[in-house]
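See below for the structure under consideration.
Number of protein chains: 2
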Amino acid sequence: MNKTSPIDLCSHRSQLLNCFALGIALFLTSSAFAQEDSLKIRGIYDAALTEGRAYENLRQLCKDVGNRLSGSEGAEKAVRWSKAKMESYGFDKVWLEPVMVPKWTRGETETCYLLPDRTPLKVLALGFSVGTDGPLEAEVVEFQTMQALKDAPEGSLEGKIVFLNQAMNAKLIDTFSAYGGCAGGRVRGPSVAAEKGAIGFVMRSLGLRADDFPHTGVMYYSGETDSIPSLALSTNASYALSQYLEKNGSARIVMEANCEFHPDVESHNVVGEITGSTYPNEVITIGGHLDSWDVGEGAHDDGAGVIQSLEVLRILKESGIKPEHTIRCVFFMNEENGARGGRAYAENCRERGEKHLAAMESDRGGFTPRGFTVDASSAEIDYLAEWVSLFEPYNIHFIKKGYGGVDINPLKESGTPLIGFVPDSQRYFDVHHTENDVFENVNKRELELGAATMTSLIYLIDKYGMPEKIVD
Amino acid sequence: MNKTSPIDLCSHRSQLLNCFALGIALFLTSSAFAQEDSLKIRGIYDAALTEGRAYENLRQLCKDVGNRLSGSEGAEKAVRWSKAKMESYGFDKVWLEPVMVPKWTRGETETCYLLPDRTPLKVLALGFSVGTDGPLEAEVVEFQTMQALKDAPEGSLEGKIVFLNQAMNAKLIDTFSAYGGCAGGRVRGPSVAAEKGAIGFVMRSLGLRADDFPHTGVMYYSGETDSIPSLALSTNASYALSQYLEKNGSARIVMEANCEFHPDVESHNVVGEITGSTYPNEVITIGGHLDSWDVGEGAHDDGAGVIQSLEVLRILKESGIKPEHTIRCVFFMNEENGARGGRAYAENCRERGEKHLAAMESDRGGFTPRGFTVDASSAEIDYLAEWVSLFEPYNIHFIKKGYGGVDINPLKESGTPLIGFVPDSQRYFDVHHTENDVFENVNKRELELGAATMTSLIYLIDKYGMPEKIVD
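Below, the structure written as structure tokens:
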């Protein structure tokens, strides 16, 4: 690690008040660093905005490959495309890491309608749902919250279809917080409903907009006995069903889906690296997930993230920056329904005896960049936050405590500081897990600015290292 | 003006260092204010996000009214719609302010093609361009910059069509700066070309994306003799024409347009106000422009701005906040090609003998809010900037020196501090002045967050007033 930075001297200790005085004393010497860094970062943004490859690469992934659920032919095509792309950029090493992934198929039929008029309700089966084995008709019981469903008496839902009509909280500025408040209903709702006797489960999609595009996403059964078919209704369909119930007191719906489980299959993480010139065994990982849901094109979720991670390495290489540490981009497989790629990668790192300086994930869409959240010690967060002023010319205003990412999370066990790239979240849940998550809904400059922002922080971490761990 | 705020005590003087010490002393008392303000602002955001009318009002303006160039039937329909809408909200006063506006019509024919294969080039006439009076064919001379066009020898363009192929600078993070660097070429390029003998003018559209949607916008002739027909080419068409020229050394194009000037007609600013309970003659104006170009729906430019300004008053009224000063929303007419509404409003204010506390404009699109720029004295800017921490929970990070807005600019003469609302700028020039500026390209939450941000700052200005003017 490079130990010459004055910022380092502070952050290696957690005595922040003393550091503050020291910081002022060192201001004149550190400003020379800051100026060099400012120029380097300006160069990184210029490269991303005028000679970037992110947008064209995302187009290829979305249009030439398409969506790519774990275990699908699309996923395997994506693996081949990604490996070839990394190889074309002449990184020092490119390889595949095997990982066994679940295979689930949606099937052709996927319908839901309201009786007696057979009014169609727009639906998508939830990922891992079982099929209905023909039309499934029953009376609907509506719940406004997951808690209300949990509170329903045992057996009270015998033979019913549960309708979980829980809206995301529009008051939360961070839409991921609103999503987090409802995702448990999708993941565990079917199981809870089945335990109380329900034979089917439909839910309001996890989106903040009134529209006709249902959002899929993963759910898990607890065992064999709670495997009831589970669908997401579009927000408009949920509203219509709820209004019907309010008006008529009761409702019967018919749902049908042909989803199927299959045995696990082998797939791969795709990994490329620029090997560190001084510390080849000290790694900074940057990644996103290559798999997507089986609707739309996985453009924001998470085509943007893998393409930006690739762009970090490409820009560093093209800029002639020779990193001291190994910079590695990882296209993780199976984030959406298992997160097995992230676990496999962490395990492989451990087996290789590598030390991780930091890991960064981009999995919040390709929107205009806002900052970073860091899952690490206070000293490490404070250390990174010192750099935020270097990002202010690009309208990036925070590096603060928060979540890293699903795929890099298994690296936490070995003490790796985890960094989540944070773009603006307002539009994310308009497209998340829907047919609308397509290339056309990604803005070129927003995608590029994100890549430049990520590259710049990686550049700084490589140049100045991270604080030594303090063992209490 | 309310003189009780500790912040006021500071800002009424420009002795900022003394103020800093005083500020610390007053910290404990002021924190009670800050907490009350935080809660009030949280309430404003909640109201905008859960009971807002901005999105539905914008839908009506875009879909029921449509585009609304000054002097068009659409503009008059917009005036009627706006007045009725303000009246429906029960504001204390609603009125129309007459303003004479130019009338220019695009005509039906609008074509351009490259010879010899008649390859079509996507075009839109620039606003105020004359027509061609039948097909106009000539050789094309390309210029990469406005300066190069200015440097062309007198008479060197005799009988030619000038092609100004000047690209916006993608490196500038603020896309309005990139626009500003090129807009002069659109406004004055035709006149400069004509002075050197050109008989027609085509230009690369002012957009940052490669696409098939030309961007219109205003241009002005210097007199009668330089009135040559002027069109904007889509960025893709510009690229194609430039490539053809590079390959073949020369090119001939045919352009045709039926644009026409008509005599000025009367139109109106639409004004609504909540009259101040304590200082009715002290006004805070908030506005955008009601007119739009005659393509698309003027959704971002500037449907978003007028609807957000309306929402400021509506939210204040619905929240039961009784402002001490008069809060007035103004839908200005004719920003796009004359800015006559803004001048008329400032003149009317002067005649009424009103004092303006501040004026705010929203005319940068309905995107996710980022901050405010202020065109005022340093003391006034510093005063407003003190409040930025109240906005940080909403990811709003700056209140800083900068531009106010075209429509409020005439109020500057009387010393009014001008405030420009600044949303994220990355997507604006994808839609600006094109067929793509439609309701569907506005995100509901981004629009609402902007309205809440504007309302919150207006609330603070009304509550605490502005610093007294210092006469040097």
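Order-wise, the sequence lines are chains U and C. Numbering-wise (this note's numbering), the first sequence opens with residue 1 and increments by one. Numbering-wise (this note's numbering), the second sequence opens with residue 473 and increments by one. Yeah, the Cβ is synthetic: ideal placement off N, Cα and C, and Gly gets one too.
Which class does residue i belong to by DSSP, given the choice of helix, strand or coil?
i	result
C:R899	coil
U:P229	coil
C:L521	helix
U:N337	coil
C:K872	strand
U:L96	strand
U:E158	coil
C:E796	coil
C:K575	strand
C:I496	Summary for C:I496: the model assigns pLDDT 47, below 50, so the residue's position carries little reliability, and this model does not support an answer.
C:Y651	helix
C:D536	helix
U:T119	strand
C:G669	coil
C:F685	coil
U:G507	Lying outside 1 to 472, the shown extent of chain U, residue 507 of chain U is not represented and no answer is given.
C:G695	coil
U:V130	coil
C:L713	helix
U:F331	strand
U:F163	strand
Short of 7 Å in beta carbon distance, which residues of its chain neighbour residue i, apart from the five on each side in sequence? Order them along the chain.
i	result
U:A299	L58, C62, D437, V438, F439, N441 and V442
U:S414	R350 and H356
U:G365	H300, D301, A304, P423 and Y428
C:Y651	M640, L678 and F901
U:E110	V123, L124, A125 and A257
U:K40	Y459
U:I461	I284, L357 and A358
U:I321	Y459
U:T416	H356, A358 and A359
C:D683	S706, T707 and N708
C:S510	L862
U:Y45	Y394 and A452
Taking the beta strand (DSSP E) that residue i falls in, what are its first and last residues?
i	result
C:S739	E732 to I746
C:S615	Checking the sequence, you will find Phe at residue 615 of chain C rather than Ser. Here the beta strand (DSSP E) through C:F615 covers L608 to F615.
C:K827	K827 to E833
U:N281	Y279 to H289
U:M203	G200 to R204
Round the Cβ separation of residue i and residue j to the nearest angstrom and send it over; I've been treating them as touching at under 8 Å.
i	j	result
U:D407	U:A339	7 Å
C:V566	C:S739	Not a contact, Cβ separation roughly 17 Å.
C:H869	U:H397	4 Å
C:S764	C:E808	7 Å
U:F332	U:G342	5 Å
Need the endpoints of the alpha helix (DSSP H) that residue i sits in, please.
i	result
C:T581	No alpha helix (DSSP H) holds C:T581; DSSP gives it neither H nor E.
C:R531	A526 to R531
U:V254	U:V254 -> not in any alpha helix (DSSP H); beta strand (DSSP E) instead, spanning R252 to A257.
C:F863	V860 to F863
U:T373	First-last for U:T373: P369 to D375, but that is the beta strand (DSSP E), not the alpha helix (DSSP H).
U:W81	E73 to S88
C:I930	K916 to Y936
Leaving out the 5 sequence neighbours to the left and right, which residues in its chain are closer than 8 Å to residue i when beta-carbon positions are compared?
i	result
U:Q166	F143, Q144, T145, M146, C182, G185, M203 and R204
U:L96	V79, K83, H268, N269, V270 and V271
C:P625	K668
U:P135	V254, M255 and E256
Starting from the C-beta of residue i, find all residues in its chain whose C-beta is less than 6 Å away, skip the five residues before and the five after it, and write them out in chain order.
i	result
U:I307	A54, N57 and L58
C:W576	F600 and F733
U:G197	G155, L157 and E158
U:A451	A48, A54, Q308 and E311
C:V612	I633, F635, A723 and I725
U:S191	Y221, S222 and D226
U:M86	V94 and G272
Mind the definition here: the segment 51–69 of chain U touches the segment 80–97 of chain U only if three or more C-beta pairs lie below 8 Å; say whether that holds. yes
Per the contact definition of three or more C-beta pairs closer than 8 Å, is the segment 778–797 of chain C in contact with the segment 734–751 of chain C? yes
Taking one C-beta from the segment 224–232 of chain U and one from the segment 68–78 of chain U each time, how about it: are there three or more such pairs within less than 8 Å? no
Within the chosen definition, does the segment 795–803 of chain C reach the segment 752–765 of chain C through at least 3 CB pairs nearer than 8 Å? Yes: at least three Cβ pairs fall under 8 Å.
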